[in-house]
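Sequential numbering of the sequence shown, starting at 1, is according to the UniProt record's numbering.
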Amino acid sequence: EQKCIINVCQPGSNLLAAGYCINSSSVVFTISIGKGVFAFTLDPTYGEFVLTHDNIKIPKSNKVYSFNEGNYELWDEKLKKYLDHLRVPSPNGKPYSGRYVGCLVGEIHRMLLVGGIYGNPKNKNNENGNLRILYECAPMSYLVEQAGGLATDGIQRILDIELVTSN
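1. In the DSSP assignment, what are the bridge partners of A39?
2. Return the chain-ordered ranges of every beta strand (DSSP E) run that is complete within the stretch 43-115 and spans a minimum of 3 residues.
3. Taking the CB atoms as reference points, tell me whether I31 and G19 lie closer together than 7 Å.
4. With N62 and G115 assumed to form a contact (beta carbons below 8 Å), what rounded beta-carbon distance in angstroms separates them?
5. I'd like to confirm the pairing. Which residues does DSSP put opposite T152 in its beta bridges?
6. Note down, in chain order, each residue of its chain lying with its Cβ closer than 7 Å to the Cβ of Y96, except the 5 sequence neighbours on either side.
7. Keeping to the same chain, check which residues put their C-beta closer than 6 Å to that of L143; ignore five residues upstream and five downstream.
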């Protein structure tokens, strides 16, 4: 059992691949094997996935942030100040706009395609946050980095976090 935990509890930087499948008005399978991010959409006519997004790069210009602002009062002051800053109109007159659906995969999928900032920070009621590194943060961070983005816990790169347990 200990050997199994050691094998599983590795930093995300050791990942060889990551992906997800999202089902809405279409079924999209998104994957990276370390050489970019690619999305395939199910073609219902043929029952096969076809490449629809080749070598995805996160757009830098979208001014959207996605945080569960219901936890605003539970966050530390630095984070609250940062989000308050995003809401202030920039010199071109446009502040960031908030979008939050509460689904990690949905949030990351939107960010990969249209850009923006996603956060699910720790708070006074949950000092470790509510996302698990092993099977949520690390795979999504891998995809974000492969698409040219950054993934951090505010202190260090998510993919460099050393796991102590599988949760």
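A virtual CB, placed ideally from N, CA and C, is assigned to each residue, including glycine. Remember, predicted model here, so these are calculated numbers, not experimental data.
Concretely, from the data shown:
1. T30, H53
2. 48-53, 64-66
3. yes
4. 3 Å
5. R157
6. K63, V64, Y65, L86, R87
7. A18, S32, V37
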